[in-house]
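S.K.: The structure follows.
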Amino acid sequence: MTVPLTIGLVQTAALHHTADDPETFAADVRRVVEAHPGVRLLAYPELHLCGHGPGEDPRTVMTEAAQPLDGPRGTRLAALARELGIWLVPGSVYEQGADGRIYNTAPVYSPTGERVAEYRKIFPWRPYETTASGSSFVVFDLEGHGRVGLTICYDAWFPETTRHLAWQGADLVLNLVRTPTVDRAQEVVLAQANAIVNQVFMASLNAASPDGIGRSVVVDPEGHTRAEAGPGPAEVLTDVLDLAEARRVRARGTAGLTRVWDPFTDGQAPLELPLYAGRIDPERWRRGARP
Numbered sequence: 087m088t089v090p091l092t093i094g095l096v097q098t099a100a101l102h103h104t105a106d107d108p109e110t111f112a113a114d115v116r117r118v119v120e121a122h123p124g125v126r127l128l129a130y131p132e133l134h135l136c137g138h139g140p141g142e143d144p145r146t147v148m149t150e151a152a153q154p155l156d157g158p159r160g161t162r163l164a165a166l167a168r169e170l171g172i173w174l175v176p177g178s179v180y181e182q183g184a185d186g187r188i189y190n191t192a193p194v195y196s197p198t199g200e201r202v203a204e205y206r207k208i209f210p211w212r213p214y215e216t217t218a219s220g221s222s223f224v225v226f227d228l229e230g231h232g233r234v235g236l237t238i239c240y241d242a243w244f245p246e247t248t249r250h251l252a253w254q255g256a257d258l259v260l261n262l263v264r265t266p267t268v269d270r271a272q273e274v275v276l277a278q279a280n281a282i283v284n285q286v287f288m289a290s291l292n293a294a295s296p297d298g299i300g301r302s303v304v305v306d307p308e309g310h311t312r313a314e315a316g317p318g319p320a321e322v323l324t325d326v327l328d329l330a331e332a333r334r335v336r337a338r339g340t341a342g343l344t345r346v347w348d349p350f351t352d353g354q355a356p357l358e359l360p361l362y363a364g365r366i367d368p369e370r371w372r373r374g375a376r377p
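Letter by letter, the sequence shown follows residues 87 to 377 of this note's numbering.
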């Protein structure tokens, strides 16, 4: 039996790299936790700690802000999660990879201060974003609650991303966003669509002005919007999720009817996928639905 998970999505403006002060973020996290003491998983938007401000060159900021994940910034974040006893997703950061490339990476810290996961954005928003592309789909386990998958902003536009995370057993997919443009309306629809076709909780967390236009949402595995923030100033969107609901919907079907993880008959031949130079193997599909 799983324990319901209280999440806090902090829809707020970024702490721009040129004004970086380690204590500013720590003070904000402490403030949110004090105001919402039941929150177990606390998350911030894409590039919250080291994005570019108005008039700044993104490439220059990216280079100046990049650090290894185990550098000074990572050490501070791990200590903060341990101090407050929460699962902390501080937004994504510019990571200086061991290969010399810079990635847009979302780290996750446990209540004991361990970095338990890190996800590199697979689909940067070309040509505007110049970070290197990640190559792995990442999920992590919240003991007693369920499994969480990570995506960053534009990843949500590619159905393969959320499908792989659901196949890996994610009950909740956390999408960290920094969208200041009118296509946020489409992203809200995509959050619902990804939830429906993968039977998974979706939490799409956007930044507030001037870095984003808000409208963060939490969607359940049947596509119902559970909570939605406004397009205005900063706010904290909270919800309590029973992640076992995702597994129930997969087993019994959306509206008790549609089981997208069980569409194949026994012995059915694999379906060739010319786009991927690969195929869907029915047996592999089924195994993924029951991790």
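Where is the CB? At the ideal position from N, CA and C, for every residue including glycine.
What three-state label does DSSP hand Pro-158 in the structure shown?
M.R.: helix
S.K.: With three or more C-beta pairs closer than 8 Å as the rule, is the stretch 126-145 touching the stretch 328-339?
M.R.: Judged by Cβ distances under 8 Å, the stretch 328-339 makes no contact with the stretch 126-145, as fewer than three pairs qualify.
S.K.: Spatial neighbours of Pro-346 within its chain, please: C-beta separation below 7 Å, excluding the five flanking residues on both sides.
M.R.: For the record, residue 346 in the displayed sequence is Val; it is not Pro. The beta carbon of Val-346 lies closer than 7 Å to those of Val-283 and Gln-285 in the same chain, with the five residues before and after it left out.
S.K.: Beta-carbon within less than 7 Å of Leu-101's beta-carbon, same chain only, minus the 5 sequence neighbours each way: which residues are those?
M.R.: Thr-110, Phe-111, His-134 and Leu-135
S.K.: With a threshold of 8 Å, are at least 3 pairs of Cβ atoms found where one atom belongs to the stretch 231-246 and the other to the stretch 257-268?
M.R.: Cβ pair count under 8 Å is three or more, so yes.
S.K.: Would you mind stating whether Pro-317 and Gly-300 have Cβ atoms separated by less than 8 Å?
M.R.: A contact, by the Cβ cut-off of 8 Å.
S.K.: Smallest Cα separation from Thr-98: which of Asn-292, Asp-257, Glu-273 and Val-335?
M.R.: Asn-292
S.K.: Could you tell me which uninterrupted beta strand (DSSP E) segments, each at least 3 residues in length, are contained entirely in the stretch 97-139, listed from first to last along the chain?
M.R.: Listed in chain order, they are 127-129.
S.K.: Going straight from the alpha carbon of Met-148 to that of Asp-352, what length do you get?
M.R.: 51 Å
S.K.: Using DSSP's beta-bridge definition, name the partner residues of Met-288.
M.R.: Val-259 and Val-305
S.K.: Considering only C-alpha positions, which residue in the set Pro-176, Asp-306 and Tyr-189 is nearest to Pro-154?
M.R.: Tyr-189
S.K.: Hey, Gly-232 and Thr-340: beta-carbon distance below 8 Å or not?
M.R.: no
S.K.: Give me the Cβ distance between Gln-272 and Gly-309, rounded to the nearest whole Å; I'm assuming they're in contact under 8 Å.
M.R.: About 16 Å; that fails the 8 Å criterion.
S.K.: Considering only their Cβ atoms, is the gap separating Ser-178 from Ile-93 smaller than 8 Å?
M.R.: no
S.K.: What does the Cβ neighbour count give for Tyr-130, buried or exposed, with the cut at 16 atoms within 10 Å?
M.R.: That one is buried.
S.K.: Is the separation between the beta-carbon of Ala-294 and that of Pro-319 shorter than 8 Å?
M.R.: yes
S.K.: Since Pro-213 is in the alpha helix (DSSP H), which residue starts that stretch and which ends it?
M.R.: Unbroken run through Pro-213: none, as it is neither H nor E.
S.K.: Cα separation between Pro-108 and Thr-344?
M.R.: 48 Å
S.K.: Apart from the five residues on each side of it in sequence, which residues of its chain come closer than 6 Å, Cβ to Cβ, to Ala-167?
M.R.: Leu-174, Tyr-195 and Gly-199
S.K.: Shortest alpha-carbon distance to Val-58 belongs to which of Thr-267, Arg-370, Tyr-362 and Asp-257?
M.R.: The chain is shown only over 87 to 377; residue 58 falls outside these bounds and no answer can be derived.
S.K.: Using a Cβ-Cβ cut-off of 8 Å (strictly less than) and excluding sequence neighbours within five positions of Pro-266, which residues of its own chain qualify?
M.R.: Ala-293, Ser-295, Pro-296, Asp-297, Gly-298 and Ile-299
S.K.: Reducing DSSP to helix, strand and coil, say where Asp-241 ends up.
M.R.: helix
S.K.: Taking the beta carbon of Gly-141 as the centre, do at least 16 other beta carbons fall within 10 Å, making it buried, or is it exposed?
M.R.: Exposure of Gly-141 is indicated by the presence of fewer than 16 other C-beta atoms within 10 angstroms of its C-beta.
S.K.: Considering only the beta carbon of each residue, do Leu-323 and Leu-95 sit closer than 8 Å?
M.R.: yes
S.K.: Would Ala-281 and Val-305 be called neighbours here (beta carbons separated by less than 8 Å)?
M.R.: yes
S.K.: When the Cα of Gly-230 is compared with those of Pro-197, Pro-90 and Arg-145, which residue comes out closest?
M.R.: Here the closest residue by C-alpha is Pro-90.
S.K.: Would you kindly check if the distance between the Cβ of Leu-236 and the Cβ of Ala-192 is under 8 Å?
M.R.: yes
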